[in-house]
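Residue numbers for the sequence shown, in numbering that gives the first Met the number 0: 0 to 411.
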Amino acid sequence: MQLYQLIYKSDASAALDIKLLNQFKRQIQESNYRKEVTGLLLFDGVHFLQVLEGRKTQLKRLYDAICNDPRHANVTLLLMEPIPAREFDQTSMQIVIRKAEDLTRIIDEVETLGELLRVGDGGETSSVILSNYYHMKEGLGRSPNIVKSFLEGGWETTNYSGMTQDEKQWIQLSCSKSELSQEYPYWFAFQPIVDTEKGVISAVEALLRGKEGQSPDELLNGLSETQMHKLDVESKRSAIAIFAEFGCDTTLSINLLPKSLISYPEIVGELRRLAESLSIEPSRITIEVTEQEAIENYDSFIDVVNQIRANGMRLAIDDFGAGYAGMSLLADFQPHKLKIDKKIVDGIASDGPRQAIVCAIMQFSFRLGIEVVAEGIETLQDLEWLKSVGVKHFQGYFFAKPGLMHIPQVNI
Ligand code: C2E
Ligand code: MN
Ligand code: MN
């Protein structure tokens, strides 16, 4: 039988009193004994962290039940991995309460506190249990480190509480295709990027489309490299001119392959002059390049970056987290914006590793003055979690799908 370990964290959905906690403890001890599930349950007065080990199917079933248990809120999976042997020999569930000082914040009555501690540590003090635990687990997997991080407050960086979205007075922008003054050689769909703090559309991204609605992939993939770069570069004149017709004061994001910029070094200056002639300041144009392409052509890429900066335009790293060595790229140069890829954002409200990654991105972006945009937002839960760690700029179907040759309305 292959053993698995599962670690999750959750918030107690209501203040747990002593009776409930006792009941809770008995329940899980009994049922886990039957299922041959061992582990550790930590409760710090607000949050739970539970390590479970046993058969994969049992753990999965148990985890599903916990997700649907009204006593747990914001259940987040931190780890689910095969392990060579049990880390907890006793077929029971240890319950450890963090620190007495912490509990006084939550529970005023001294009497209740004493009782709670007795429930928690079964006679010993919780710190003894924990130091034994660490002693025993030294050199094992990641679970002791995760437990330690929990006890030291490492998972308290967020104040996500599953709230509902505030009513915002969105400043609406929209302009339909029929109002455009001329026929353009290249078509684009425009997708809003919203600033939820200010309640405005802060930017729109121009996404290449065929006149029969083809996707960028369909349009670019069949072409030779030379043709592709030519189309990439030439189409951006249309993107800027169409955007200018909308007459809105947001910024415009355009996608360009670094290789297109390298093949047509004069394009950056040309696009700047075009924008200026249409009363768009260069600082309102952001050029998005994907992480992967940037890394593949590192030296030439740095030249392109300098050209963009010299022309007063902005640069965004697109699809951050989907590609390769994003960190080494960032160590050497910092873009104006960082767009976190949909693969990182999707399901983040209940995904521990993704949450930890986004917290790290937020921390370094804050220090380095980089604006973070989360892409591909489809659910309110993910949106609210991201807001709780300070993300302010969002793009995704939750707000608006790209609108062909117009800026669509934002859903609120
Ligand atoms: P991207 O720049 O990351 O653009 C975002 C893509 O995600 C768009 O797909 C958009 O429609 C889609 N998207 C936005 N929100 C959501 C969401 O909530 N859920 C889901 N499932 N998808 C969402 P699209 O338009 O098919 O573009 C795909 C990629 O093609 C773009 O990714 C960009 O890398 C590239 N691209 C677009 N326009 C151009 C262009 O003019 N030149 C070049 N070189 N590449 C372009
Ligand atoms: Mn993009
Ligand atoms: Mn992207």
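All residues carry an ideal CB built from backbone N, CA and C; glycine is no exception. Bear in mind the structure is a predicted one, so any value in this text is a computation, not a measurement.
Alpha helix (DSSP H) segment containing residue i, residue limits
i	result
Lys341	341 to 344
Ile145	142 to 150
Asn67	Per DSSP, Asn67 belongs to no alpha helix (DSSP H) and is neither H nor E.
Glu204	Glu204 -> not in any alpha helix (DSSP H); beta strand (DSSP E) instead, spanning 199 to 208.
His335	Careful: His335 lies outside any alpha helix (DSSP H) and carries neither H nor E.
Residue i (DSSP reduced to helix, strand or coil)
i	result
Ile307	helix
Asp350	strand
Arg54	strand
His405	coil
Gln4	strand
Ala399	coil
His46	strand
Gln380	helix
Val390	coil
Glu80	strand
Val74	strand
Ser9	strand
Leu222	coil
Leu179	coil
Asp120	Any answer about Asp120 is weak, because its pLDDT of 41 lies below 50 and its placement is not dependable; what the coordinates show is given next. Asp120 falls in the helix class under three-state DSSP.
Val127	In this prediction, Val127 has a pLDDT of 45, which is less than 50 and means its spatial position is unreliable; what the coordinates show is noted afterwards. Here Val127 sits in helix by DSSP.
Val109	Because Val109 carries a pLDDT of 30, less than 50, the predicted location of this residue cannot be relied on, and no value is offered for it.
Glu100	In this predicted model, Glu100 has a pLDDT of only 49, less than 50, meaning its place in the structure is not dependable; the value taken from the coordinates is given anyway. Reduced to three states, the DSSP call for Glu100 is helix.
Rounded distance between the beta-carbons of residue j and residue i, thought under 8 Å
i	j	result
Val371	Val390	6 Å
Leu273	Arg313	Their Cβ separation, rounded to whole angstroms, is 16 Å, which puts Leu273 and Arg313 out of contact at 8 Å.
Leu328	Ile286	With 8 Å as the limit, Leu328 and Ile286 do not qualify as a contact, their Cβ atoms being about 16 Å apart.
Leu61	Val36	7 Å
Phe187	Ile266	Between Ile266 and Phe187 the Cβ distance is about 17 Å, and since that is not below 8 Å, they are no contact.
Ile239	Leu277	7 Å
Ile343	Val357	7 Å
Lys386	Thr195	6 Å
Phe393	Leu382	7 Å
Ile284	Leu230	At roughly 19 Å, the Cβ-Cβ gap does not stay under 8 Å, so Ile284 and Leu230 are not in contact.
Glu290	Asp248	No, Glu290 and Asp248 are not in contact; Cβ-Cβ is about 29 Å, not under 8 Å.
Lys338	Ala315	6 Å
Ile360	Gln354	Their Cβ separation, rounded to whole angstroms, is 11 Å, which puts Ile360 and Gln354 out of contact at 8 Å.
Ile301	Phe332	7 Å
Ser9	Ala72	6 Å
Glu374	Gly402	About 17 Å; that fails the 8 Å criterion.
Glu244	Ser180	6 Å
Pro191	Pro407	7 Å
Ala84	Leu207	54 Å between Cβ atoms; not a contact.
Ile193	Phe398	Before going further, note that residue 193 is Val rather than Ile in the sequence given. Correct: roughly 5 Å between the Cβ atoms.
Glu52	Gly38	6 Å
Bounding residues of the beta strand (DSSP E) (the contiguous stretch that carries residue i)
i	result
Asp331	Unbroken run through Asp331 is the alpha helix (DSSP H), 325 to 331; no beta strand (DSSP E).
Ile316	313 to 319
Asp194	186 to 194
Val371	370 to 374
Distance cut-off 6 Å: residue i Cβ against heavy atoms of ligand 4
i	result
Ala84	In the structure on display, ligand 4 does not appear, and the ligands it does have are ligand 1, ligand 2 and ligand 3.
What are the complete beta strand (DSSP E) segments, minimum 3 residues, inside the segment 248 to 304? 250 to 254, 284 to 289
Output the residues surrounding ligand 2, defined as those with a CB atom closer than 7 Å to any ligand heavy atom, in chain order. Glu204, Ser252, Asn254, Glu287, Asp317, Lys338
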